[in-house]
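**Q** Below is a structure I'd like to ask you about.
There are 2 protein chains.
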Amino acid sequence: MTEGAVQPRRTRQRSAIASLISATDSFQSAQEIHHLLRSTGEVIGLSTVYRTLQSLAEAGEIDVVINADGESVYRGCGQGRGLHYHLVCRICGHAVEVAADTIDRWVRSIAREHRFSDAVASLTVFGICRACASAT
Amino acid sequence: MTEGAVQPRRTRQRSAIASLISATDSFQSAQEIHHLLRSTGEVIGLSTVYRTLQSLAEAGEIDVVINADGESVYRGCGQGRGLHYHLVCRICGHAVEVAADTIDRWVRSIAREHRFSDAVASLTVFGICRACASAT
DNA sequence: AGACTAATGGGAATGGTTATCATTAGCGTG
DNA sequence: CACGCTAATGATAACCATTCCCATTAGTCT
């Protein structure tokens, strides 16, 4: 009993979610993902979508961001690339991953200055991407 | 008709909320604020609390942060001090305002690099404050 | 094949937030 | 001060994302 965590079972639903997510490059809510899967003929329950997204997020296989409406939105990420933040278009949802170095240094120095420990930043930059800006 | 915005009426409820908020230095949810006011004998409806907090936030008189559960939490801020972010203790809720200069510069450069316009950062740093860390 | 149990999914429950609308009460005017 | 206009209030219902419940289904190991 060295490896406490057993890997999840391979189910049709779990791989459907994983492949849909890895095929998109913008953040989507659980509901949107559920709709998309349904519209492609996939038979899957909403509960399953929520559960699976959560477990994928905990496993670090996808990113979660809480948007301005307080909803959790998910997106696939290049794993193993370390911590990073996002630059998200508030019109089309297009998202870019941004290296965390600068911010992490800043967070650490701010935390040290105020004697906070265990500091983690929740950071997302919302803006308007080139395409949407010119499509006015 | 130069000044489109009329100032809100002075009501008992609005000042109760404003004074409670300015007397606290940690973020609180609308529900918590409602409870507190009720427990001090104030007669006030939940709807009013939500509405007033929103209008105060839009007016820039208080800060809003969406916490990890997707709830909106509010706190008074020193107005006129310009944009700033928060360092929040995830145990006791104690919050410190942090100047935004460094981050703003970073946000602008990231946005420029990826050709995003109108970029605004949503940033909150969660950690554990000195007091809570030593009260283990 | 059989057993064990994680995973599923439909529906109900939760909980924060917003909408509705009749009533109340600021506040400027005559 | 009395009057009127309408913003503000607040009880309640509606909303909606998310979680819970639990009987059923289906991976995975032997």
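If you read the sequences in order, they're chains A and B. Quick note on my numbering: the first sequence kicks off at 1 and runs consecutively. Quick note on my numbering: the second sequence kicks off at 137 and runs consecutively. Glycine included, every Cβ here is placed at the ideal spot set by N, Cα and C.
1) From what residue to what residue does the alpha helix (DSSP H) around residue 240 of chain B run?
2) Counting only C-beta atoms, is residue 198 of chain B closer than 8 Å to chain A at any point?
3) By the DSSP assignment, the beta strand (DSSP E) with residue 121 of chain A in it spans what residues?
4) Could you tell me whether the Cβ of residue 260 of chain B comes closer than 8 Å to any Cβ of chain A?
5) Grab me the residues of residue 80 of chain A's own chain with a C-beta within less than 8 Å of its C-beta, minus the 5 sequence neighbours each way, in chain order.
6) Could you list which residues in chain B have their beta carbon closer than 7 Å to that of residue 186 of chain A, in chain order?
7) Based on Cα-Cα distance, which residue from B:265, B:159, B:164, B:184 lies nearest to residue 210 of chain B?
8) Anything in the segment 17-37 of chain A with a Cβ closer than 8 Å to a Cβ of chain B? List those residues in chain order, please.
9) Between residue 104 of chain A and chain B, is the shortest Cβ-Cβ distance under 8 Å, so that the two count as touching?
10) Identify every residue that forms a DSSP beta bridge with residue 225 of chain B.
11) Which ranges would you report for the alpha helix (DSSP H) in the segment 181-209 of chain B if only whole runs of at least 4 residues count?
12) Under 8 Å, do residue 126 of chain A and residue 258 of chain B count as touching if we go by C-beta distance?
13) If you measure between the beta carbons of residue 225 of chain B and residue 264 of chain B, is that distance less than 8 Å?
14) Quickly, what does DSSP pair residue 76 of chain A with across the bridge? List them, please.
15) For chain A, check one thing: does any of its Cβ atoms lie closer than 8 Å to the Cβ of residue 185 of chain B?
16) Just the Cα atoms here: how many angstroms apart are residue 208 of chain B and residue 115 of chain A?
17) Are the beta-carbon atoms belonging to residue 153 of chain B and residue 200 of chain B less than 8 Å from one another?
18) So, residue 70 of chain A versus residue 169 of chain B, is the Cβ gap smaller than 8 Å?
19) With a cut-off of 8 Å, does the C-beta of residue 84 of chain A fall near any C-beta of chain B?
20) Is any beta-carbon of chain A found at less than 8 Å from that of residue 223 of chain B?
21) Taking the alpha-carbon of residue 227 of chain B as reference, which of B:147, B:266, B:167 has the nearest alpha-carbon?
22) Whole angstroms are fine: how far does the CA of residue 119 of chain A sit from the CA of residue 52 of chain A?
23) With 8 Å set as the bound, which would you pick, yes or no: does the beta-carbon of residue 209 of chain B sit closer than that to a beta-carbon of chain A?
24) Helix or strand or just coil, what does DSSP make of residue 28 of chain A?
25) How about residue 180 of chain B: is its C-beta nearer than 8 Å to some C-beta of chain A?
26) Considering only residues of the same chain and omitting the five flanking positions on each side of residue 38 of chain A, which have a CB-CB separation below 8 Å?
**A** Quick look at the numbers:
1) 237-249
2) no
3) 117-128
4) yes
5) Bear in mind that the predicted position of residue 80 of chain A carries a pLDDT of just 48, short of 50, making it too unreliable to give a figure here.
6) Residue 186 of chain A lies beyond the residue range present for chain A, which begins at 1 and ends at 136; the question has no answer from this structure.
7) B:164
8) none
9) no
10) B:263
11) 182-194
12) yes
13) yes
14) A:62
15) no
16) 26 Å
17) no
18) no
19) no
20) yes
21) B:266
22) 28 Å
23) no
24) strand
25) no
26) 44
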